[in-house]
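Asker:
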Amino acid sequence: MATQVIAVVDCKSDAFLRKSLLQYIMAFPVALKESKISCFHESLGACKQLVGIPIPLSYTRLTSRFLVLWHLTLPVILWDECHWMVIPATFISAASLFCIEEVGVLIEEPFPMLALGELCNALHESIREAMANEKAIQANISAKRKACFTKQTSTGNGCSNSLN
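For the sequence shown, the numbering used here assigns the number 969 to the initial residue and increments by one for each residue that follows.
#1: State buried or exposed for Ala983, treating a residue as buried only when at least 16 other CB atoms are found within 10 Å of its CB.
#2: Looking at His1039 and Ser1061, is the spacing between their C-beta atoms short of 8 Å?
#3: Taking C-alpha atoms, which residue in Phe1079, Ile1055, Tyr1027 and Pro1056 lies nearest to Lys1016?
#4: Any chance the CB of Lys1112 is under 7 Å from a heavy atom of the ligand PLP?
#5: Do Phe1066 and Leu1037 come within 8 Å of each other at the CB atom, strictly closer than that value?
#6: Roughly how many angstroms separate the alpha carbons of Trp1052 and Cys1088, rounded to a whole number?
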């Protein structure tokens, strides 16, 4: 699309307009990269906060100890009313509450269970691809400048000034 816009402008008479359009079009990828890097930086800061401010270990230990103590005293307290039903009720209660406690521990530190290696590899490949595309674009621009310069020296028109 950028080539079509530039091609509309006549090379001889509108060199300044052509140069201005080219600079304006070339500024878009730079602005896009800067916004993506800024967004990435903000996300990285949020992740650092998640890692840097975990729930204190003493809180996790206190929760576990309270659950153990509660489940040890539960059969003693309920035995007079429920008799043998206390045993399966205690096991079901213990399983559910200890599972909830384990989920809480996993939520405290989400990064070990995420597939961050795969995400980093995909990001690395995307960056390599973007760098290769940028090099190809720069090579294409250089080739067009050389071609226009050669055309200018042979025919005498002002194309080379519009691509600088």
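Glycine residues also receive a C-beta, built at the ideal position from the N, C-alpha and C atoms.
Answerer: Reading off the structure:
#1: buried
#2: yes
#3: Phe1079
#4: Ligands displayed in this structure: none; no statement on the ligand PLP is therefore possible.
#5: no
#6: 54 Å
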